[in-house]
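Notes follow once the structure below has been shown.
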Amino acid sequence: MPRGLSPRQLRRLMKQMGMSIIEIRDVEYAIIKTKEAEYYFEAPAVSVIKMKDLEQWQITGTPVKKEVEEEVEISEEDIELIVEQTGCSRDSAIKALKKAKGDLAEAILIIQGGSID
15 MPRGLSPRQL
25 RRLMKQMGMS
35 IIEIRDVEYA
45 IIKTKEAEYY
55 FEAPAVSVIK
65 MKDLEQWQIT
75 GTPVKKEVEE
85 EVEISEEDIE
95 LIVEQTGCSR
105 DSAIKALKKA
115 KGDLAEAILI
125 IQGGSID
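Numbering (this note's numbering), first residue to last: 15 to 131.
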């Protein structure tokens with residue numbers, strides 16, 4: 015901000031340039047999702063800056079990063095194979111396959127090692 019410019023003068027200058035800032039009130043949370051992670055902002059300050067045909071959203075706050083877990087598709091055949099090979103329950107087979115991210119050999123080793131949570 016240029017020195018000697020009051021907030022009122024700054025608003026006038028922005029208006030002359032075709033800019034406006036709108037504060038979004040009572041925002042509880044904001045989420046930004048990417049392929050690798052999700053960023054959660056609790057009680058952020060959110061502003062919309064409008065410049066002619068352009069709208070820019072600004073989120074101010076401290077994000078909490080949460081890694082996105084890959085959704086593994088587990089087939090019925092995989093579950094049956096694990097149950098047959100290890101003699102475990104269906105639920106244990108599903109848990110092991112999820113933990114192994116669908117890798118059959120890894121799921122069998124998890125069950126044999128007894129490390130199903």
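No residue lacks a Cβ here, since even glycine has one placed at the ideal position from N, Cα and C. Here the structure is a predicted model, which is why all the values come from computation and not from measurement.
Any idea which residues DSSP pairs threonine 74 with across the strands? If you number the sequence shown from 1, residue 74 lands on position 60. Answer by DSSP bridge pairing, in chain order: Ala59.
Integer Cβ distance of proline 77 from tyrosine 54, believed to fall under 8 Å: For the purposes of this step, residue 77 is taken as the residue at position 63 of the sequence shown. For the purposes of this step, residue 54 is taken as the residue at position 40 of the sequence shown. Sure, about 6 Å apart at Cβ, within 8 Å.
Pick helix, strand or coil for alanine 107, following the three-state DSSP scheme. Reading the sequence shown from its first residue, position 93 is the one you call residue 107. In this structure, alanine 107 counts as helix in the three-state DSSP scheme.
Three Cβ pairs or more, each shorter than 8 Å: is that satisfied between the stretch 61–77 and the stretch 33–41? yes
From valine 41 to tryptophan 71, what distance separates their C-alpha atoms? To locate residue 41, count along the sequence shown from 1; it is residue 27. To locate residue 71, count along the sequence shown from 1; it is residue 57. Each residue's alpha carbon lies about 13 Å from the other.
Rounded separation between glutamate 91 and glutamate 98 - CA only: The residue you call residue 91 lines up with position 77 of the sequence shown. The residue you call residue 98 lines up with position 84 of the sequence shown. In a straight line, the C-alpha of glutamate 91 is about 10 Å away from that of glutamate 98.
Can you tell me which of the three DSSP states methionine 28 falls into? Position 14 of the sequence shown, counting from 1, holds the residue named residue 28. Note: methionine 28 maps to helix in three-state DSSP.
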